[in-house]
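Q: Handing you this structure, nothing more for now.
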Amino acid sequence: MSKGKILLVGFGPGAEAHMSIRALQAIEESDVVIGYSTYIKLVKNLLGGKEVIRKGMTEEIDRCIEAYEQAQLGKTVALISSGDIGVYGMAGPTYEVLLKSGWKPDSDIEVEIVPGSTALSACASLVGAPLTHDFCSISLSDLLTPWPTIAKRIDAAGRSDFVVALYNPKSGRRTQQIVEAQRILLQYRKPDTPVAIVKSAYREAENIQMVHLDEMKDCKIGMLTTVLIGNSSTYMDQGLMITPRGYANKYKDITGDALEGEKRGRSLNMGLEGWKSCVREFLRSSDKHSLRDVALHFDSATGDIISAISEAKATDELDDNAGEYSAAQVQHDPLNVIEASKHWGLLRAVVRSEAGAVAELMIQAENFVMRRDWLNIENEHVHLHINWPRVKQVWFVRRADKLYSVHFTDERNETVFNLSLVRTDGEYDTSALKAYKQDWQTLTTLNELEKVSNE
Ligand SMILES: C[S@@+](CC[C@H](N)C(=O)[O-])C[C@H]1O[C@@H](n2cnc3c(N)ncnc32)[C@H](O)[C@@H]1O
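With positions in the sequence shown counted from 1, the corresponding number in my numbering is that position plus 910.
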């Protein structure tokens, strides 16, 4: 008996002209074609003389099992899917079925995946160039994915300014997911952000609506629609939706000279290294900024700003200091800092809750009590609980003579809480300040040790 073969074929958006040559060949060389009935209809002209097995939408695993059984009989089987079969397609479930059944890549049945043009690129091609910068795809189908996971992904995409392609945006029963998606994205995007709603791209019933984000939920959207939502730079011109490649950040015009300070072929001034020196330049340019002002200005976590400060290279040749600020990361267990703070006298503790509340308290370090995972601030007036495992880094941060502090940051570099020394009658307590400076030296890096001891 001849060896069986499973061809997992993505046939693109629908029109034959948009199928790859290999996809056409794969269907041509197969004995059996298996697919969802709508897909079978789309490729009906290619099926002459073949055994055709149509399955319903919910019978995905049945399609995989059928393909495996037919291949075990020595047949060449094409399991077909629209778009790319590996994008929300049958490639995953087929491999899962095969592997669970003991199939191995070097066994008798060969498996080949034939890639295809996925809906997001097909739809994008009809509306301009919306995907020319970073984008992500999110399926709004909560049939197999819990809604909180989907909502978190939409939120992350919105927060990170990705262009977003929504697959499975709405069905007869799932009508509210698109409403929620709009609500979440409007927290980060302007109401007039361009949105393309593309139905049945490259099929007979093709339909395109170009709208704004605040209109999206009221548009006609169904199971055969993909929704493309622009990022903060996406614009509409002449009916086309365009997301710039980002050249505007670097070149005077698309083919022109690099802007001042930018170099062809190099990371932008605001690339990873560049933006840190921008932070320091910003701090040098004015002595009015608090750490929080700077974090808001750069839309970054406070810990990222502190990290940029800590990398200041102030030498005679290089003027790269951070204005009045200096910072250094603690290289020891953060609890050592809590212990050390017992010698820093009266402290101002600023504690932020995730929901946005800010507590500002005058405390003594003796008020710290560790209770299991919680670092508590306990005295006769307050009981405040800090989720200690959230603390991942600690930074000493100084601003000339105006601020002597430590910042405790989480894994996202956001400040969990900070402590700073308090002046009485305009003066710092001499022994408290001496202890703080000494602790900076012993608990942080050598670099900063030099900076502080040079006082
Ligand atoms: C289960 S997913 C399949 C995705 C497919 N494997 C792909 O790569 O395009 C089904 C979703 O794909 C999108 N889709 C597939 N074909 C489309 C087309 N021709 N026009 C617009 N959207 C399409 C729709 O969002 C639909 O709800």
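Cβ coordinates follow ideal geometry from the N, Cα and C atoms, glycine included.
Just so you know, these numbers come straight off a predicted model, no measurement behind them.
Shorter than 7 Å, the distance from the beta carbon of SER991 to the closest heavy atom of ligand 2, or not?
A: As for ligand 2, it is missing from this structure, which binds only ligand 1.
Q: Can THR986 and LYS915 be called in contact, C-beta distance under 8 Å?
A: Cβ atoms of THR986 and LYS915: closer than 8 Å.
Q: Nearer than 7 Å: is that true of the beta carbon of THR1136 relative to any heavy atom of ligand 1?
A: For ligand 1, at least one heavy atom lies less than 7 Å from the Cβ of THR1136.
Q: Using only alpha-carbon positions, find the residue among GLU1022, ASN1277, PHE1045, LEU989 that is nearest to ILE1152.
A: Of the listed residues, the one whose Cα sits closest to ILE1152 is PHE1045.
Q: Leaving out five residues on either side along the sequence, give the residues of the same chain with a beta carbon under 6 Å from the beta carbon of GLY924.
A: Excluding positions up to five away in sequence, the list reads LEU952, TYR1112, ARG1113.
Q: Using the Cα positions of MET1280 and HIS1295, report the straight-line distance between them to the nearest angstrom.
A: Near 10 Å, if we compare the C-alpha coordinates of HIS1295 and MET1280.
Q: Count the other CB atoms within 10 Å of the CB of ASP1371; is the residue buried (16 or more) or exposed (fewer)?
A: Not covered by the structure: residue 1371. The range shown for the chain is 911 to 1365.
Q: With DSSP as the reference, identify every bridge partner of PRO1104, one or two as the case may be.
A: Paired residue(s): HIS1122.
Q: Terminal residues of the continuous alpha helix (DSSP H) containing VAL1204?
A: Its alpha helix (DSSP H) spans residues 1201-1207.
Q: Measure the beta-carbon distance from ALA1211 to ASN1323 and round it to whole angstroms, keeping in mind my assumption that it falls under 8 Å.
A: That pair is a contact at about 4 Å.
Q: Find out if the Cβ-Cβ distance for the pair GLY945, GLY1026 is shorter than 8 Å.
A: Not closer than 8 Å, so no.
Q: Quick one: does the C-beta of ASN1078 sit closer than 7 Å to a heavy atom of ligand 1?
A: Yes, the beta carbon of ASN1078 sits closer than 7 Å to at least one heavy atom of ligand 1.
Q: Is HIS1293 buried or exposed, if buried means 16 or more other CB atoms sit within 10 Å of its CB?
A: With fewer than 16 Cβ atoms within 10 Å of its Cβ, HIS1293 is classed as exposed.
Q: Measuring CB atoms only, is the region 1011-1018 touching the region 987-998, in the sense that at least three cross pairs come out at less than 8 Å?
A: As far as the Cβ criterion goes, the region 1011-1018 does not touch the region 987-998, which means the pair count is below three.
Q: Indicate the three-state DSSP secondary structure (helix, strand or coil) for THR1373 in the structure shown.
A: Past the edges of the chain, shown from 911 to 1365, lies residue 1373, and the structure says nothing about it.
Q: Give the range of the alpha helix (DSSP H) segment to which LYS1062 is assigned.
A: Segment 1057-1069, the alpha helix (DSSP H) holding LYS1062.
Q: Taking the CB atoms as reference points, tell me whether ILE1139 and LEU1123 lie closer together than 8 Å.
A: Yes, the Cβ-Cβ distance between ILE1139 and LEU1123 is below 8 Å.
Q: What separation, rounded to the nearest whole angstrom, lies between the Cα atoms of GLU1290 and ILE1273?
A: Cα to Cα, the separation comes out at about 11 Å.
Q: With which residues is THR1135 paired in a DSSP beta bridge?
A: Paired residue(s): LYS1109.
Q: Under the three-state reduction of DSSP, which class applies to PHE1072: helix, strand or coil?
A: It is coil, neither helix nor strand.
Q: ASP1152 bridges to which residues according to DSSP?
A: Note on identity: in this sequence residue 1152 is Ile, with Asp being the wrong assignment. Partner(s): ALA1039, TYR1145.
Q: Excluding the 5 residues preceding and the 5 following ASP1102 in the sequence, name in chain order all residues of the same chain whose CB lies nearer than 8 Å to its CB.
A: For ASP1102, where only same-chain residues beyond five positions count, the Cβ hits under 8 Å are HIS1122, LEU1123, ASP1124.
Q: With H, G and I counted as helix, E and B as strand and the rest as coil, what does DSSP make of LYS1344?
A: Helix, per DSSP.
Q: Kindly identify the DSSP beta-bridge partner or partners of LEU917.
A: Its beta-bridge partners are ALA988, GLU1022.
Q: Taking the alpha-carbon of PRO1104 as reference, which of MET1120, ALA1115, SER1110, TYR1098 has the nearest alpha-carbon?
A: When each option's Cα is compared against that of PRO1104, the closest is MET1120.
Q: Relative to the alpha-carbon of ASP941, which residue among LYS954, HIS928, GLY958, THR948 has its alpha-carbon at the smallest distance?
A: Nearest option by C-alpha distance: GLY958.
Q: With C-beta atoms as the reference, is ASP1339 less than 8 Å away from ALA1250?
A: No.
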